[in-house]
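If you read the sequence shown in the working numbering, its first letter stands for residue 7, the second for the next number, and so on.
For glycine and all other residues, C-beta sits at the position ideal for the given N, C-alpha and C.
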Amino acid sequence: MRLDKFFSNTATLSRSECAKACRAGLVSVDGTVIKDPSFQVDPEKNAIAYKGERINYKKYIYIMLNKPEGYVCSNDEPGGSIVFELIDQKLLKLGLFVCGRLDKDTTGLVIITNDGTSAHNALSPKRHVSKEYEFALADPISEADLDTLRGGATLADGTETLPCEIKMTGEKEGIIILHEGKYHQIKRMFASVGNKIVRLARTKFGGISLDPSLPQGKWRYLTEQEGTVFAENNKKTY
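Okay, structure coming up:
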């Protein structure tokens, strides 16, 4: 891999910025200053540094974002706010996208990545990857209605949902775990038994739990272990 491509692929420098940095003597490979941006490197073997700081190469990037209300999980929303405004803008060069979108008024865990295979697997209806949400209802709900939803609900348009898990934590609050991801599914499920979702937050997706110390609107990279869990768990078929 060319040195300038390495820096571009790590969102550290553009190719033109890399050329300038090389000319200025700011780039080194295995401790040797490199002036040629076309110099060939092996990211797995060479120690590549910019201004004395080693730059680590990762083929795939996995980001955890605690999505606030009012943001759309899209790369483009004319006149609106998008989740990509909340992360480092340099990373947008890496072809990132949201894996498992949330509604504009739903908060919580969003995974942003450039790993198309893991994202496809996480979203594949055949794999039934679990998603966990905390919810609040407009009205108390009966045990009979909960049993209906747990066993698989029939939505207003006739769509049948898979069985799910629901645990109430209060009179109108609870946790729901789905193994599918239909459009506005949780809202439509509770509407099918005459209730209404007033607050919804995703807390777990694809084996990854939302970091409780991560404030809304903030992001961090998945740890190496979390990235492995996300990639590996989403290969499984349940």
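When the Cβ atoms of the stretch 197-208 are set against those of the stretch 132-142, are three or more pairs found closer than 8 Å?
yes
Please classify R107: does DSSP put it in a helix, a strand, or coil?
Numbered from its first residue, the sequence shown carries residue 107 at position 101. Coil.
For A250, count neighbouring Cβ atoms within 10 angstroms of its own Cβ and tell me buried if that reaches 16, exposed if not.
No answer is possible for residue 250: the residues shown for the chain start at 7 and end at 244.
Going by beta-carbon coordinates alone, are V89 and K64 separated by less than 9 Å?
Taking the sequence shown and counting its residues from 1, the one referred to as residue 89 is at position 83. Taking the sequence shown and counting its residues from 1, the one referred to as residue 64 is at position 58. No, they are not a contact pair.
Looking at T167 and K188, is the spacing between their C-beta atoms short of 9 Å?
Position 182 of the sequence shown, counted from the first residue, corresponds to residue 188. Position 161 of the sequence shown, counted from the first residue, corresponds to residue 167. In this structure, T167 lies closer than 9 Å to K188 by Cβ.
Could you tell me if A237 is buried or exposed, where buried requires 16 or more neighbouring beta carbons within 10 angstroms of its beta carbon?
The residue you call residue 237 lines up with position 231 of the sequence shown. Flag for A237 reads buried.
Any idea what DSSP makes of A162, helix, strand or coil?
What you label residue 162 is simply residue 156 of the sequence shown in a count that begins at 1. In the structure shown, A162 sits in coil (DSSP, three-state: anything other than H, G, I, E or B).
Pair within 9 Å by beta-carbon distance, T119 and I69:
Counting from 1 along the sequence shown, the entry for residue 119 is found at position 113. Counting from 1 along the sequence shown, the entry for residue 69 is found at position 63. Yes; because the gap between Cβ atoms is below 9 Å, this pair is in contact.
Please check the pair F45 and L97, which I expect to be a contact at CB under 8 Å, by giving their CB distance rounded to whole angstroms.
Walking along the sequence shown from the start, residue 45 turns up at place 39. Walking along the sequence shown from the start, residue 97 turns up at place 91. Incorrect: roughly 25 Å between the Cβ atoms, too far for contact.
Please list the terminal residues of the continuous beta strand (DSSP E) segment that includes R8.
In the sequence shown, the residue the question calls residue 8 occupies position 2. From DSSP, R8 is part of no beta strand (DSSP E); its letter is neither H nor E.
Just mark K57 as buried or exposed, buried being the case when its beta carbon has 16 or more other beta carbons within 10 Å.
On the sequence shown, position 51 is the one that residue 57 refers to. Exposed, since its Cβ has fewer than 16 Cβ neighbours within 10 Å.
Tell me, please, whether the stretch 26-43 touches the stretch 180-196 by the rule of three or more beta-carbon pairs shorter than 8 Å.
no
The beta strand (DSSP E) spanning F211 covers which residue range?
Counted from its first residue, the sequence shown places residue 211 at position 205. I203 to F211 is the extent of the beta strand (DSSP E) around F211.
Contacts around R226, its chain only, beta-carbon distance under 8 Å, and the 5 residues preceding and following it disregarded
Residue numbering aside, residue 226 sits at position 220 when the sequence shown is read from its first letter. So the qualifying residues of the chain are I69, M70, D217 and L220.
Where R60 falls, given that 16 or more other Cβ within 10 Å makes a residue buried
As a first step, residue 60 is located in the sequence shown; it is residue number 54 there, counting from the start. The residue in question, R60, is exposed, as its Cβ has fewer than 16 Cβ neighbours within 10 Å.
Residues that V235 bridges to, as DSSP identifies them
By one-based count along the sequence shown, residue 235 stands at place 229. According to DSSP, V235 bridges with nothing at all.
Hey, quick one: how far does the beta strand (DSSP E) through R254 stretch, first residue to last?
In the structure as shown, the chain begins at 7 and stops at 244. Residue 254 is therefore absent and cannot be evaluated.
For the ligand MN, is there any heavy atom lying closer than 8 Å to the beta carbon of R21?
What this structure holds is no ligand at all, so the ligand MN is not there to describe.
In chain order, what residues of the same chain lie with their CB nearer than 6 Å to the CB of I181, ignoring the 5 residues before and after it?
Here residue 181 refers to the residue found at position 175 when the sequence shown is read from its first residue. Contacts found: E140 and K173.
Q95 by DSSP, collapsed to three states: which one?
Start at 1 with the first residue of the sequence shown, and residue 95 comes out as number 89. The answer is helix: DSSP assigns Q95 an H, G or I state.
Are the beta-carbon atoms of R208 and G114 separated by less than 9 Å?
The sequence position of residue 208 within the sequence shown is 202, counting from 1. The sequence position of residue 114 within the sequence shown is 108, counting from 1. Yes, they are a contact pair.
For the alpha helix (DSSP H) containing F196, name the first residue and the last one.
One-based indexing of the sequence shown puts residue 196 at position 190. Where F196 is concerned, the enclosing alpha helix (DSSP H) stretches over Q191 to A197.
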